[in-house]
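Trainee: Following this message is one structure expressed as structure tokens.
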Amino acid sequence: MYNLIGAGLVVIGAGIGLGQIGGKAMEGIARQPEATGKIQTAMIIVAALLEGLAFGALILGKG
Amino acid sequence: MKVAQKSIKFFTIALIALFSATIFASGSDKKHDNQNDGGRVNTKEEVEAYILHHIKDSHDFSLYSYTGDDGERHHLGFPLPIILWTSEGLVTFMSSEFHHNDDGHVIVEKKGLKFAKVHSKILELDKGAATVSFDETHHATNAHKVLDFSITKSVVGILLIGLLMIFWFSRLAKQYKTKKVPTGFSRVLEPLVLYVRDEIARPNIGDKHYRKFTGYLLTVFFFIWLLNVLGLTPFGFNVTGQIAVTTCLAIFTLLVYTFSGNKGYWMHMLWMPGVPVLIRPVLAIIELAGALLIKPFSLLVRLFANITAGHIVVMSLIAIMFTLKETMGVVGATFLSAVLSFLIILIEVLVAFLQAYIFTMLSALFIGMAVEDHAEAH
Numbered sequence: 001m002y003n004l005i006g007a008g009l010v011v012i013g014a015g016i017g018l019g020q021i022g023g024k025a026m027e028g029i030a031r032q033p034e035a036t037g038k039i040q041t042a043m044i045i046v047a048a049l050l051e052g053l054a055f056g057a058l059i060l061g062k063g
Numbered sequence: 064m065k066v067a068q069k070s071i072k073f074f075t076i077a078l079i080a081l082f083s084a085t086i087f088a089s090g091s092d093k094k095h096d097n098q099n100d101g102g103r104v105n106t107k108e109e110v111e112a113y114i115l116h117h118i119k120d121s122h123d124f125s126l127y128s129y130t131g132d133d134g135e136r137h138h139l140g141f142p143l144p145i146i147l148w149t150s151e152g153l154v155t156f157m158s159s160e161f162h163h164n165d166d167g168h169v170i171v172e173k174k175g176l177k178f179a180k181v182h183s184k185i186l187e188l189d190k191g192a193a194t195v196s197f198d199e200t201h202h203a204t205n206a207h208k209v210l211d212f213s214i215t216k217s218v219v220g221i222l223l224i225g226l227l228m229i230f231w232f233s234r235l236a237k238q239y240k241t242k243k244v245p246t247g248f249s250r251v252l253e254p255l256v257l258y259v260r261d262e263i264a265r266p267n268i269g270d271k272h273y274r275k276f277t278g279y280l281l282t283v284f285f286f287i288w289l290l291n292v293l294g295l296t297p298f299g300f301n302v303t304g305q306i307a308v309t310t311c312l313a314i315f316t317l318l319v320y321t322f323s324g325n326k327g328y329w330m331h332m333l334w335m336p337g338v339p340v341l342i343r344p345v346l347a348i349i350e351l352a353g354a355l356l357i358k359p360f361s362l363l364v365r366l367f368a369n370i371t372a373g374h375i376v377v378m379s380l381i382a383i384m385f386t387l388k389e390t391m392g393v394v395g396a397t398f399l400s401a402v403l404s405f406l407i408i409l410i411e412v413l414v415a416f417l418q419a420y421i422f423t424m425l426s427a428l429f430i431g432m433a434v435e436d437h438a439e440a441h
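As you go down the protein sequences, you meet chains A and B in turn.
Just so you know, my numbering puts 9 at position 9 of the first sequence, and the rest follows in order with no gaps.
Here my numbering runs 63 ahead of the position in the second sequence, where the first position is 1.
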């Protein structure tokens, strides 16, 4: 039971984090459209790292 | 211009074929093999058992099963060879001898040893035992696991994609000798190869060293991408969702960046310059744990969890047509499940590419960290 609540909390945190990453990347692109490619690459890398964390929590929470 | 139109046309046809194939999957999945009653899925528990069964690797290749006029279950598909290393040495037979049984009731006798299949695992019965007996937690009490080198469904998928890759890329390479522009499917592959080289390998590893690692990155990228796409076809492959496969891929990346690390990389890892001496061993522990454990672990868990979660979501949405049959009616539930699973499969096509991209990108990043020149720092 508690591991499921913990996994849920991690997913909420990951959601907030993903929102921050996406929002800030959008802001960055709006400010400097010529740097879109670089910003997107960095955004995807950070999002992937965060996603790995969230999935790890999900797996540990289910097991 | 005409050439471009032709390739767009080919690509559209390929996409439509892919999607119609995945829709066929949702139509036929409900009649798949199931360990409880040979394929019928109606209740929530059966759906869950079926999904978990699909996620795992299996010893036979079952496409479709149905109840015939005689009231028996018929299975369409083909058996795969089972190769075991037992206490009596090598034992081989075809998986059809288990007759699609997965709860240990069918016993196969070879070389004086008895074998049973329980939850996709092959067990060797102890001497003197005639049937498998289970304790309360459903663990076999009188049988033990054997070393299993069988050609399972995932192995078939890996061999298939491996052979296809050899065929496609040797053809692509050959075409550069005779033609200026590659033709056919090679035209789809060429931009992807260039993309991996120019957008993933070169910026992350650096102009000086990237050529040495481009081969590895290309192999990993196409291997993961094609297996992810194969997982979306109705044949029920789930190769990149097997934790053993992703672990292997992560270990390859670990070996590549560990053995290509230069002096500066090891220096920064084991005896960090520029910090007080007392902190250096602490940093070395953190750096070693990061390089040898956390980096490969995050690589393998990300790919495994993404693909497994994707498969579970797709199959749960397909299962809506059974679980909501009472409340919404057969037509409504089927329509809802078809729309939702179609949309989620579109996302899965994107995820299939994205995960291959991220795995390759992070591998390139780790390799880049290992080979970058540290001379100008400090």
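The beta carbon of each residue, even a glycine, is placed where N, CA and C say it ideally should be.
1) Kindly identify the DSSP beta-bridge partner or partners of Arg136 (chain B).
2) Determine the chain A residues that contact Val364 (chain B) at a beta-carbon separation under 8 Å, and present them in chain order.
3) Quick one: list the residues of chain A neighbouring Asn369 (chain B), beta-carbon separation under 8 Å, in chain order.
4) Decide if Thr204 (chain B) is buried, meaning its Cβ has at least 16 other Cβ atoms within 10 Å, or exposed.
5) If you draw a straight line from the alpha carbon of Lys349 (chain B) to that of Met432 (chain B), how long is it in whole angstroms?
6) What is the rounded straight-line gap between the Cα of Glu34 (chain A) and the Cα of Val256 (chain B)?
7) Listed from N- to C-terminal order along the chain, which residues in the stretch 404-438 of chain B have their beta-carbon within a distance smaller than 8 Å of any beta-carbon of chain A?
8) Does DSSP put Ile383 (chain B) in a helix, in a strand, or in coil?
9) Run through chain B and tell me which residues come within less than 9 Å of Ile12 (chain A), C-beta to C-beta.
10) So, helix, strand or coil for Gly167 (chain B), using DSSP?
11) Give the straight-line distance between the Cα atoms of Trp231 (chain B) and Phe405 (chain B), rounded to the nearest whole angstrom.
12) In angstroms with no decimal places, state the Cα-to-Cα distance between Phe124 (chain B) and Ile287 (chain B).
13) Quick one: grab the DSSP three-state call for Ser125 (chain B).
14) What first and last residue would you give for the alpha helix (DSSP H) that runs through His116 (chain B)?
15) Within the stretch 248-279 of chain B, note down every full alpha helix (DSSP H) run reaching 4 residues or more, in order along the chain.
16) Going by C-alpha to C-alpha distance, which of B:His374, B:Leu425, B:Ala427, B:Thr397 sits closest to Leu409 (chain B)?
17) If the cut is a Cβ gap below 9 Å, which residues of chain A does Ser379 (chain B) touch?
18) Spell out whether any CB of chain A is found under 8 Å from the CB atom of Pro254 (chain B).
19) Rounding to the nearest angstrom, what Cα-Cα distance links Pro254 (chain B) and Gly269 (chain B) in this structure?
20) Would the stretch 270-283 of chain B count as touching the stretch 233-253 of chain B if we require 3 or more Cβ pairs under 8 Å?
Mentor: Looking at the coordinates:
1) B:Thr130
2) Gly52, Phe55, Gly56, Ile59
3) Glu51, Phe55
4) exposed
5) The residue asked about is misnamed: residue 349 (chain B) is Ile in this sequence, not Lys. Ile349 (chain B) and Met432 (chain B): Cα-Cα distance of roughly 16 Å.
6) 25 Å
7) Leu417, Tyr420, Ile421, Met424, Leu425, Leu428
8) helix
9) Chain B residues near Ile12 (chain A): none, gap ~17 Å exceeds 9 Å.
10) coil
11) 29 Å
12) 21 Å
13) strand
14) 107-118
15) 249-258, 265-268
16) B:His374
17) Chain A residues near Ser379 (chain B): none, gap ~14 Å exceeds 9 Å.
18) no
19) 20 Å
20) no
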